[in-house]
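Colleague: Input: one structure, supplied below.
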């Protein structure tokens, strides 16, 4: 089924597109028990490639588990709406999901969109699971309704800044998009530099979201003469910035974060991606030495999709949610909201096919789970 703007996609049980099914606990005992998740992602707009891949990765897992009668007797159905990478639309979508009594919000993409969804979920007493977002505020200890598969942005910033320190790179600049993600990234780098007792950044520049209009930023940062530039931007902005900086004569290092969309970045840069360092929070989707990757590829090979970091992160997020459902049913429990809350809170060292996650990680606890990979001109990743 094609994923068009405002299209509703149902994972698992049927190809119906009506947003009408309430929570599985209200259904007749003769019907299959199921849990319903609401997911808002950019199927169009600035981050569409990231949104599609993350959604499809999650859907792949849910479809595969539903074909095997679900988890603990429950099938998992995902309803999705396109938000075009617009936080206002994402908030409206979240409210629509709440109105139809979904069991949880799942896998929103984007920092501002996830912040908006979190507010809606909190007001409604609903769990928000696995946002794909660069939002440290959602990792705060008092935000008890949000559970993260990916480490906090501050963890990634710490890893990247520490890498720069090992190379004696003291002249660091930041290139960021002028949005919630970019501002959060800039703050995270500044905080990491203080915590690691490193010199402050020498300059920063903001640009429009996922735009190739980066000339002003290039001028600002070339004048600053940094040794390394840390980027908080989606793939289009990042690609345009890297190309124009190199054309202007920059020979230093580019470092970017997992939210960039590493596969779309390679598509946009081609051979120019050589030497770019990217932090990654999930295993490489091509690393067949990892059990979760082999499992993912076995399922992926039954589809027409290509492997990607964003897709495998969606797959892992879905698998983690299913593990929480399984845990919630132990001891005659059930996956209602209190049951899921308790189950997810217990997943502080959960084994997801050999990949460990902590849904309740404290600051910097997940740094060790982050890899820094260098991309070759041929698109291969080197740790």
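Residue numbers (the working numbering): 47 to 429.
For every residue, glycine included, the Cβ atom is placed at its ideal position computed from N, Cα and C.
Since we're looking at a predicted model, the values are computed, not measured.
1) DSSP three-state label for residue 67, please.
2) How would you write the range of the alpha helix (DSSP H) that residue 339 sits in, first residue to last?
3) Under 8 Å between the Cβ atoms of residue 224 and residue 255?
4) Under 6 Å Cβ to Cβ from residue 170, same chain only, skipping five residues before and after it: list those, please.
5) Sorted by chain position, which residues of the same chain lie with C-beta nearer than 6 Å to residue 217's C-beta, five sequence neighbours on each side aside?
6) Out of 119, 305, 344 and 85, which has the shortest C-alpha to C-alpha gap to residue 129?
7) Would you tell me roughly how many angstroms separate the C-alpha atoms of residue 245 and residue 239, rounded to the nearest one?
8) Output needed for residue 74: all residues of its chain with C-beta closer than 7 Å, excluding positions within five of it in sequence on either side, in chain order.
9) Among the residues of its own chain, which have a CB less than 7 Å from the CB of residue 94, if the five just before and after it don't count?
10) Using alpha carbons as the reference points, say which of 233, 127, 178 and 118 lies closest to residue 197.
11) Would you identify the three-state DSSP class for residue 277, choosing helix, strand or coil?
12) In this structure, what does DSSP give as the bridge partners for residue 401?
13) Please classify residue 376 as buried or exposed, where buried requires at least 16 neighbouring CB atoms within 10 angstroms.
14) Specify the secondary structure class of residue 296 as computed by DSSP and reduced to three states.
15) Evaluate the contact criterion for the region 348-358 versus the region 324-331: three or more CB pairs, one atom per stretch, below 8 Å.
16) Roughly how many angstroms separate the alpha carbons of residue 396 and residue 277, rounded to a whole number?
17) To the nearest angstrom, how far is the alpha carbon of residue 81 from that of residue 123?
18) In this structure, does DSSP put residue 120 in helix, strand or coil?
Modeller: In this structure, then:
1) Residue confidence for residue 67 is low, a pLDDT of 35 falling below 50, so the modelled location carries little weight and cannot support an answer.
2) 337-346
3) yes
4) 144
5) 248, 272 and 273
6) 85
7) 7 Å
8) Legend: pLDDT at residue 74 = 42, less than 50; position of this residue unreliable, no value from coordinates given.
9) 88
10) 178
11) strand
12) 398
13) exposed
14) coil
15) yes
16) 31 Å
17) 6 Å
18) strand
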